[in-house]
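*Asks:* Numbered according to this note's numbering, the sequence shown spans residues 127 to 740.
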Amino acid sequence: MIMSGRSETRICAKPPADASTGTIPSLLRAQATRRPTAVAYVAHDPAEGRFSAITWAEMAERVAERAAALASEALEPGARVALWLPNGIEWVAFDHAALSLGLVVVPLFPDDAPANAVDILVDSGARIVVVRTAAQWDSLGDRAQLRTGVQRVIALEEPRGTRLSDPRLQSLRFWLAGARGSVLNPAGRDPDALATIVYTSGTTGRPKGVMLSHRNLLAVAQAVLDRNPGSDRDVFLSYLPLAHIFERVVGCYLPLILGAPVVFARSVAHLQDDLLFARPTILLVVPSVLERLRHSVTERAERTPPTRWLLRAALARGWALFAARRDGRRLGLAQAAIGLLLRSIVGRPIRRAFGGRLRLAVSGGAVLPEDTARFCLSLGLPLVEGYGLTEAASAVTGFRLGATRPGRVGPALPGMEIRLAASGEIFVRSPGVMLGYWRRPNLTGEVLRDGWLYTGDLGTLQDGDLCITGRLKQMMVLSTGEKISPEAVEAAILRDPLFRQAMVLGEGEARLSVLAVVDAAMWTQLAQDLGLDPAAEDALDDARARRAALDRVAAALHDGPRAARVRAVRLLRTPWTVEDGLLTPTLKLRRAVLLDRFAGTVAALRGEPEPPRA
């Protein structure tokens with residue numbers, strides 16, 4: 127249903143037919159009873175050098191063992207258990223064990239910087255911390271804030287050749303052996319109880335803890351499932367961090383509802399090999415993965431005229447085929463046959479690289495560029511896109527398979543409502559909306575009003591589909607009075623494979639400027655074409671390089687808003703990373719940190735004239 131008025135537009139969907147109202151541990155117990163010998167999870171064992179599986183019954187036993195050990199810590203229901211772990215069976219086991227006792231899980235990204243980890247542990251008041259290695263805990267140093275709050279630290283791996291540096295620190299094996307607890311009457315049975323505190327990335331300030339209940343998490347998983355059904359015959363591959371709410375809800379709890387197995391990838395570096403091993407039917411992807419795929423395929427195809435023609439023909443015919451099927455139109459027999467043939471020739475190797483069985487690829491976590499979505503759909507990838515945020519337990523909108531429209535993120539999921547204010551801000555009402563921000567009631571009151579979540583995101587509606595246009599707080603106001611979304615401009619710039627990362631500047635100025643990190647291989651080629659030494663320190667500052675970069679940025683923004691006019695580009699060689707504090711764990715730009723780190727470069731960039739044309 128769509129409702130409109132002078133100040134706002136609203137769209138809502140029918141509630142799901144079978145939204146789960148149980149708890150997360152109850153689902154695991156149910157699967158262990160229904161299919162005890164079926165495979166639940168698969169993970170790589172470094173000691174044995176191979177993947178090994180665990181059944182639902184074995185998983186339930188592992189959870190019970192850890193729950194008993196947690197019970198021996200004499201924690202009150204609601205106490206926080208922090209998981210600073212990579213994806214894997216132990217992550218899931220501790221998650222279920224803590225939740226079964228009415229404890230609250232606080233996930234940390236495995237590559238979180240120590241300072242950020244300390245902030246989260248202190249703010250959440252974590253009593254138990256689970257880490258992969260003792261060295262990980264030692265990296266936090268002897269910080270006074272952690273001396274009184276944390277009572278136990280559990281390291282999965284045995285320390286090698288060193289004694290444990292902290293009396294609170296125990297290896298998992300030793301900790302389990304000393305357990306004397308009992309879980310005859312588990313406390314985690316209230317679906318409305320606080321289940322987890324998930325910290326947002328904190329691009330503009332310190333991270334905020336989002337409080338989510340069992341009902342929040344499972345209602346969203348069920349709504350996603352109602353939009354795109356699955357079964358216990360599906361296979362999921364998990365490679366995005368489980369600290370990311372998108373992966374946790376859709377990539378972990380949704381298969382739990384189905385009883386479908388989850389294979390944990392070793393790492394992003396091993397993703398290609400692990401895709402071929404797992405052969406998933408459902409895969410969650412972030413736009414950066416699909417962007418790299420498009421750039422790689424395009425770069426190889428552009429090397430010779432025949433392959434260039436073949437790719438372009440396959441994309442044109444493949445898109446016509448997809449759009450006709452989506453819209454219920456019939457193509458001529460010859461046109462359809464040619465489209466299928468070209469898509470098969472070009473797309474089959476790509477689909478085979480995903481394991482050959484993929485029936486659903488779900489893109490989330492960031493806005494997927496329209497041309498990348500179209501590229502994937504044209505080559506036969508079964509792609510759907512949605513929109514969500516941590517404060518709504520991940521998903522709010524999403525397409526059904528076969529209905530994707532690039533540039534849009536789909537209609538509201540079953541049981542969810544979207545409202546657009548006159549300003550364009552997106553408001554959400556759904557069973558996934560958070561309980562509030564941890565220990566920040568004033569901030570909670572700012573974003574939760576009359577049952578609606580004020581997302582801070584900006585959007586429009588087209589035929590019932592939501593389109594994301596930017597962030598309210600990050601909108602730039604130029605000296606001309608025009609408003610522009612830096613994220614939208616950056617996304618357009620990054621469609622050019624020369625640019626690996628980009629940050630747009632321009633608040634209070636007449637035109638924009640850009641700080642951009644170049645792709646090493648593409649920069650080498652460009653520099654050689656310009657007669658420059660790509661390794662020379664001053665090559666990136668050469669007027670010819672800056673002019674070429676500016677022309678490419680202008681081409682990328684050609685179809686954008688008039689205000690998106692860039693007058694200067696400054697190129698950088700070293701990528702921005704999570705480790706150096708310039709990106710959040712979800713790879714969003716920490717704009718304030720970047721501005722401070724590159725203050726001199728930014729000042730020079732804002733004052734420099736447009737480079738001359740050759």
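Using N, Cα and C, we set each Cβ at its ideal position, and we do this for glycine too.
Figure out for me which residue from Leu731, Leu416, His370 and Leu656 has the closest Cα to the Cα of Trp217.
*Replies:* Taking the sequence shown and counting its residues from 1, the one referred to as residue 217 is at position 91. Answer by Cα proximity: His370.
*Asks:* Mapping DSSP to helix, strand and coil, what is Ser178?
*Replies:* For the purposes of this step, residue 178 is taken as the residue at position 52 of the sequence shown. The answer is strand: DSSP assigns Ser178 an E or B state.
*Asks:* In whole angstroms, give me the CA-to-CA distance for Asp668 and Asp677.
*Replies:* Sequence index remark: in the sequence shown, residue 668 carries index 542 (1-based). Sequence index remark: in the sequence shown, residue 677 carries index 551 (1-based). Here the C-alpha atom of Asp668 lies approximately 14 Å from the C-alpha atom of Asp677.
*Asks:* Taking the alpha carbon of Ser393 as the reference point, which residue from Val695, Pro172 and Gly657 has its own alpha carbon closest?
*Replies:* Taking the sequence shown and counting its residues from 1, the one referred to as residue 393 is at position 267. Nearest of Val695, Pro172 and Gly657 to Ser393, Cα basis: Pro172.
*Asks:* If I follow the unbroken alpha helix (DSSP H) through Phe372, where does it start and stop?
*Replies:* Counting from 1 along the sequence shown, the entry for residue 372 is found at position 246. Segment Ile371 to Arg374, the alpha helix (DSSP H) holding Phe372.
*Asks:* Could you check the C-alpha separation between Arg693 and Ala636 for me, to the nearest Å?
*Replies:* Position 567 of the sequence shown, counted from the first residue, corresponds to residue 693. Position 510 of the sequence shown, counted from the first residue, corresponds to residue 636. Each residue's alpha carbon lies about 9 Å from the other.
*Asks:* Can you give me the C-alpha to C-alpha distance between Glu663 and Pro508, rounded to a whole angstrom?
*Replies:* Residue 663 sits at position 537 when you count from the first residue of the sequence shown. Residue 508 sits at position 382 when you count from the first residue of the sequence shown. Spanning the two alpha carbons is a distance of roughly 44 Å.
*Asks:* According to the Cβ coordinates, are Ala518 and Val488 closer than 8 Å?
*Replies:* Locating residue 518 in the sequence shown gives position 392, counting from the first residue. Locating residue 488 in the sequence shown gives position 362, counting from the first residue. Not a contact, by the Cβ cut-off of 8 Å.
*Asks:* Terminal residues of the continuous alpha helix (DSSP H) containing Asp399?
*Replies:* The residue labelled residue 399 in the question sits at position 273 within the sequence shown. Leu397 to Ala404 is the extent of the alpha helix (DSSP H) around Asp399.
*Asks:* Going by DSSP in three states, His742 sits in which element: helix, strand or coil?
*Replies:* Given that the chain is displayed from residue 127 to residue 740, the structure contains no residue 742 and the question cannot be resolved.
*Asks:* Tell me whether Asp318 sits in a helix, a strand or coil according to DSSP, three-state version.
*Replies:* Position 192 of the sequence shown, counted from the start, is the residue given in the question as residue 318. Here Asp318 sits in coil by DSSP.
*Asks:* Can you tell me the Cα-Cα spacing of Leu78 and Pro612, whole angstroms?
*Replies:* Residue 78 cannot be examined here, being either before or after the span of the chain that is shown, 127 to 740.
*Asks:* Out of Leu227, Ile246 and Arg597, point me to the one whose CA is closest to Phe553's CA.
*Replies:* As a position in the sequence shown, residue 553 is number 427, starting the count at 1. Ranking the options by Cα distance to Phe553, first place goes to Arg597.
*Asks:* Secondary structure at Phe501, three-state DSSP: helix, strand or coil?
*Replies:* As a first step, residue 501 must be located in the sequence shown, where it is residue number 375. Phe501 falls in the helix class under three-state DSSP.
*Asks:* Going by other Cβ atoms of all chains shown within 10 Å of its Cβ, with 16 needed for buried, is Ile471 buried or exposed?
*Replies:* Looking up residue 471 in the sequence shown gives position 345. Answer is exposed; the Cβ neighbour count stays below 16.
*Asks:* Report all residues from its chain with a CB closer than 7 Å to the CB of Arg534; omit the five preceding and five following residues, and keep chain order.
*Replies:* By 1-based counting over the sequence shown, the position of residue 534 is 408. Once the five neighbours on either side are set aside, the close Cβ partners of Arg534 are Gln588, Asp591, Leu592 and Cys593.
*Asks:* I'd like the list of long-range same chain contacts for Cys502, defined as Cβ closer than 8 Å, with 5 residues on each side in sequence excluded.
*Replies:* Here residue 502 refers to the residue found at position 376 of the sequence shown. Leu416, Leu419, Arg420, Ala487 and Leu509.
*Asks:* For the segment 149-210, list the alpha helix (DSSP H) runs that are entirely contained and at least 4 residues long, ordered along the chain.
*Replies:* 150-160 and 182-197
*Asks:* Could you tell me which residues DSSP pairs with Thr586 in its beta bridges?
*Replies:* Position 460 of the sequence shown, counted from the start, is the residue given in the question as residue 586. BP columns for Thr586 point to Cys593.
*Asks:* Going by DSSP, which residues form a beta bridge with Leu697?
*Replies:* Counting from 1 along the sequence shown, the entry for residue 697 is found at position 571. Its beta-bridge partners are Ala642.
*Asks:* According to DSSP, is Tyr365 helix, strand or coil?
*Replies:* Here residue 365 refers to the residue found at position 239 when the sequence shown is read from its first residue. Tyr365 falls in the coil class under three-state DSSP.
*Asks:* For Leu320, I'd like the list of residues in its chain whose CB is within less than 7 Å of its CB, leaving aside the five on either flank, ordered along the chain.
*Replies:* As a working note, residue 320 is residue 194 in the sequence shown. So the list reads Gly204, Val230, Met337, Ser339 and Leu561, once near-sequence residues are dropped.
*Asks:* I need the boundaries of the beta strand (DSSP E) containing Ser520, first residue and last residue.
*Replies:* What you label residue 520 is simply residue 394 of the sequence shown in a count that begins at 1. First-last of the beta strand (DSSP E) with Ser520: Ser520 to Gly524.
*Asks:* Could you spell out where the beta strand (DSSP E) holding Gly571 opens and where it closes?
*Replies:* Position 445 of the sequence shown, counted from the first residue, corresponds to residue 571. Careful: Gly571 lies outside any beta strand (DSSP E), inside the alpha helix (DSSP H) at Pro567 to Val573.
*Asks:* Leaving out the 5 sequence neighbours to the left and right, which residues in its chain are closer than 6 Å to Glu284 when beta-carbon positions are compared?
*Replies:* By 1-based counting over the sequence shown, the position of residue 284 is 158. So the qualifying residues of the chain are Ser297.
*Asks:* So, are the CB atoms of Val412 and Leu366 less than 8 Å apart?
*Replies:* Within the sequence shown, numbered from 1, the residue matching residue 412 stands at position 286. Within the sequence shown, numbered from 1, the residue matching residue 366 stands at position 240. Yes; because the gap between Cβ atoms is below 8 Å, this pair is in contact.
*Asks:* Note down, in chain order, each residue of its chain lying with its Cβ closer than 6 Å to the Cβ of Arg438, except the 5 sequence neighbours on either side.
*Replies:* Start at 1 with the first residue of the sequence shown, and residue 438 comes out as number 312. The answer is none, since no qualifying residue turns up.
*Asks:* How is Leu578 classed by DSSP in three states: helix, strand or coil?
*Replies:* As a first step, residue 578 is located in the sequence shown; it is residue number 452 there, counting from the start. For the record, residue 578 in the displayed sequence is Trp; it is not Leu. DSSP places Trp578 in strand when its eight states are reduced to three.
*Asks:* Within its chain, find whatever has a CB closer than 7 Å to the CB of Trp182; leave out the 5 residues flanking it on each side and keep chain order.
*Replies:* Numbered from its first residue, the sequence shown carries residue 182 at position 56. The residues are Gln157, Ala158, Arg161, Pro162, Ala164 and Ala166.
*Asks:* In or out: Asp583 buried (at least 16 other Cβ within 10 Å) or exposed?
*Replies:* Here residue 583 is taken as the residue at index 457 of the sequence shown, counted from 1. Asp583 should be labelled buried.
*Asks:* I think Ala219 touches Arg192, with their Cβ atoms under 8 Å apart; what is that distance to the nearest whole Å?
*Replies:* Along the sequence shown, read from residue 1 onward, the residue named residue 219 stands at position 93. Along the sequence shown, read from residue 1 onward, the residue named residue 192 stands at position 66. Distance from Ala219 to Arg192 at the Cβ level is roughly 6 Å; contact confirmed, criterion being Cβ atoms closer than 8 Å.
*Asks:* Can you tell me the Cβ-Cβ gap for Leu266 and Pro151, rounded? I've got them flagged as a contact below 8 Å.
*Replies:* In the sequence shown, counting from the first residue as 1, residue 266 sits at position 140. In the sequence shown, counting from the first residue as 1, residue 151 sits at position 25. With 8 Å as the limit, Leu266 and Pro151 do not qualify as a contact, their Cβ atoms being about 30 Å apart.
*Asks:* For the alpha helix (DSSP H) containing Ala795, name the first residue and the last one.
*Replies:* Within the shown structure, residues of the chain are numbered from 127 to 740, placing residue 795 beyond reach of any answer.
*Asks:* Mind checking Asn568: buried by the 16 CB within 10 Å criterion, or exposed?
*Replies:* In the sequence shown, the residue the question calls residue 568 occupies position 442. The residue in question, Asn568, is exposed, as its Cβ has fewer than 16 Cβ neighbours within 10 Å.
*Asks:* At what residues does the alpha helix (DSSP H) containing Phe235 begin and finish?
*Replies:* Counting from one through the sequence shown, the residue named residue 235 turns up at place 109. No alpha helix (DSSP H) holds Phe235; DSSP gives it neither H nor E.
*Asks:* What are the start and end residues of the alpha helix (DSSP H) that includes Ser489?
*Replies:* Counting from 1 along the sequence shown, the entry for residue 489 is found at position 363. Where Ser489 is concerned, there is no enclosing alpha helix (DSSP H), although the beta strand (DSSP E) it sits in stretches over Leu486 to Ser489.
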